[in-house]
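Only one structure is covered here, and it is reproduced in the block below.
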Amino acid sequence: MKNVYLFQITPADESMPRDDAPKWAFLPYTVAMLWEYANKFDEIKNNYQLSDYIFFRDSVDKIVDRVIDPDVIGISCYVWNTEIQLKIVKKVKERYPNCLIIAGGPHIPENRPKWFTQRKYIDLGVYSAGEEIFKNILIERLNGGNYENIKGVIVNNGSVTKTESAPRIQDLNTIPSPYLNGSFDQIVESYPTTEFHAIYETNRGCPFACTFCDWGGLIHQKMKKFDLQRTKDEIEWMSKNKIFALWIADSNFGIFKDRDMEISDFIMDQYENSGYPEFYAVCGFSKTPAEKNSVREIQTRMRETLGYEKMPSPRVAIQTFNEVSLNNIKRQNLNIANIEAVHDNFQQSDIAHEVELLLPLPGMTYDNWADDLAFLVEKNADKKNYVHFMIYPVMILPNSEMGSDEYLNKHAINVTTMAFNSDVDNIEYADIVTSLKGMSEEDCKDCWMLYWIVSVFWISQYLKDLFDDLNKKYNISYKEIIIGLHQHVKHGNGVLTDRYNAQANDFKSSYYFFDIKQRSKADIKFIEDPARENDGIETDIGLFISTLIDDYDYILDHTDILRGRRRYKKLNPKKKKKILKNIGPAGRVVSFTEEGVEIKKGHGMGTGGKQDKLFPAMTSVKVAS
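Reading the sequence shown from the start, the letters are residues 7 to 631 in the numbering used here.
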């Protein structure tokens, strides 16, 4: 029997120890689908045996040592595991030169022959869905290895040959389920302390053709469904086997309105019966108009059953509100009115949600990027459900339309290859857009730092009241406010400018630079640090306000509030409790003296104008510091 090894290495995570019982891991769903389909055929069943699924992340040498006398190795490559898997199979090829190395997955480039000539240890590349192709490769290896006769492969044997595309599998149910066929039973039993994550499809295909995505752009095609009962049986297996997290890998979950709602209901029913899965996430919600999908209903059911802590917030994949950019990325079918309607749908409910934007997109400028941010700030003024911004850098995926030479040249797109993951021993890389037509590298940096401004000063709520006051009391647009604050901090000479420069100087350092939301947490903590006094931050904010208005009483009052917030943090818990008791649960500290904290009646205590009724005898409360 010939030995087959299949690789789908779990993404890196600093919390995952390198031993035989990692804290968490993804079950190798993709490669298990390949094996389960191929193993249906007698010619394969009688000649090959699966030696191992390799999916725990470990050192390259340790993993290589696990591979014994391989005949065929298949690797499924994504942005989070490509480099480590290439290192592994290169070393395996050196030990076993007659082994057939097959590379598939979305991160293997379909139309870049040079990529293969630089990696002579890769024998075959697979593009499109791999189940039928993998089966054909195994059979052809038994019959002489003339792989040019197989559709859907890239042959790398001194020259690089791409064969014609393979047809889709029309009936997805001909692919046996690795969950129901026992592929993962022993794995789960062998590692009882590991939190397993299950990747899971209810359908395949995508009706959209977004240029930045290889999901729709590559397979733009009619969606095909797995049988509903099979889908439920797989979910039941996950529940019984105490799978910690379920990740639905559909491109547009909720698009089949009634069916997808039924699936979500079933998942929640299983959780209520067994407590598993504990975490439920959807990789891609439907992008159709809100009335044509069940996204809101699904999210409501999730929230009611799991609570917010065991589910990610629903994400509205807006990407941009700019019509030129929407047209350039082929999302004109998702018009702005529809996008806004989805956003408003969540805002009108009690479901907190996230808004996803991409930066930078073709056709985008600093000015219209400011429009995007200002629009969302304005949309969320005085809203009960505070929206979270998720800003992602544009990553060039090798098989997307955006990744083609024609598209890159048309939009003058420049990329920088950056570190993607946190595994210091096995770094993965991503190609990130850092300039394009109409946006220089400096402009791109400014756009990211404008988001830093919004994140540090508005999303944190540090200056949210100020933003709202300037808009409502003084009729200053949110766009003017955020751009003005950006320019003030960028060109200043105080502590805020120092923090700004520390972040801006890291531009292009790694993919993780762009996690501004995470970075801003450290900055806002620094700004409000009670151990620091008299470093001029509040005065600097006052100077910024003075560039917009000349109401100096307001400026002084607001800077006092900011100073007081910092002093408030210095108080012991008992004094904080006393203050909060007097101003009510929705209140805030509003006025401060050198002697301590003073809360004055009627000054923004969050009581909705009912201060006299709530605190009829109170003129002020003082707590000595």
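We treat Cβ as the ideally placed atom computed from N, Cα and C, and that holds for glycine.
Straight-line measurement puts the Cα of ARG538 at about 48 Å from the Cα of LEU414. In the three-state reduction of the DSSP assignment, GLY498 falls in the coil class, being assigned neither a helical nor a strand state. Cβ contact annotation for VAL421 (same chain, cutoff 7 Å, sequence separation greater than five): ILE402, ASP437, ILE438, VAL439 and THR440, in chain order.
Rounded to whole angstroms, the gap between the alpha carbons of VAL166 and GLY158 is 13 Å.
If you check the CB distance, PRO76 and TYR127 do not come in under 7 Å. Taking a cut-off of 8 Å for Cβ pairs, the stretch 495–505 and the stretch 555–564 do not touch, as fewer than three such pairs fall below it.
A distance below 6 Å between beta-carbons, with the five flanking residues on each side excluded, links GLU384 to the following residues of its chain, in chain order: TYR484. The bridge partners DSSP lists for ALA436 are MET424.
Looking at the backbone, the Cα of MET370 and that of ALA380 are separated by about 15 Å. Straight across, the Cα-Cα distance linking ILE241 with HIS394 is about 30 Å.
Taking C-beta atoms as the reference points, LEU382 and VAL400 fail to come closer than 7 Å. With contacts defined as CB atoms closer than 7 Å, ALA18 and ASN427 qualify as a contacting pair. By the neighbour-count definition (other C-beta atoms within 10 Å, threshold 16), THR199 is an exposed residue. When PRO173, THR16 and ASP521 are compared, the shortest CA-CA separation from GLN91 is found for THR16.
The alpha-carbon of ASN507 is positioned some 40 Å away from that of ILE254. Counting only the Cα atoms, GLN176 lies some 31 Å from GLN192. Assignment of THR123 by DSSP, reduced to helix, strand and coil, places it in the helix class. Residue pairing by DSSP places HIS394 opposite GLU360 in a beta bridge. Within the stretch 44–114, complete alpha helix (DSSP H) segments of at least 4 residues are found at 48–51, 66–72 and 88–101, given in chain order. In the DSSP secondary-structure assignment, SER441 is bridged to ASN420. A distance below 7 Å separates the beta carbons of ALA38 and PRO184.
Residue pairing by DSSP places ASN209 opposite LYS231 in a beta bridge. For ILE533, there is no enclosing beta strand (DSSP E); the enclosing alpha helix (DSSP H) has its first and last residue at 522–533. With 16 or more other CB atoms across the displayed protein chains lying within 10 angstroms of its CB, ASN45 is buried. When only Cα atoms are considered, LEU554 and GLU534 end up about 24 Å apart.
Its Cα nearest to that of GLY110, the residue GLY131 stands out among TRP243, GLY131 and ASN333.
Distance from the CA of LEU186 to the CA of ASN179, rounded to the nearest whole angstrom, comes to 12 Å. Annotation: the continuous alpha helix (DSSP H) that includes TYR457 extends over 447–460. A Cβ-Cβ contact shorter than 7 Å links ALA204 with LEU252. Straight through space, the alpha carbons of ASN405 and THR123 are spaced by roughly 18 Å.
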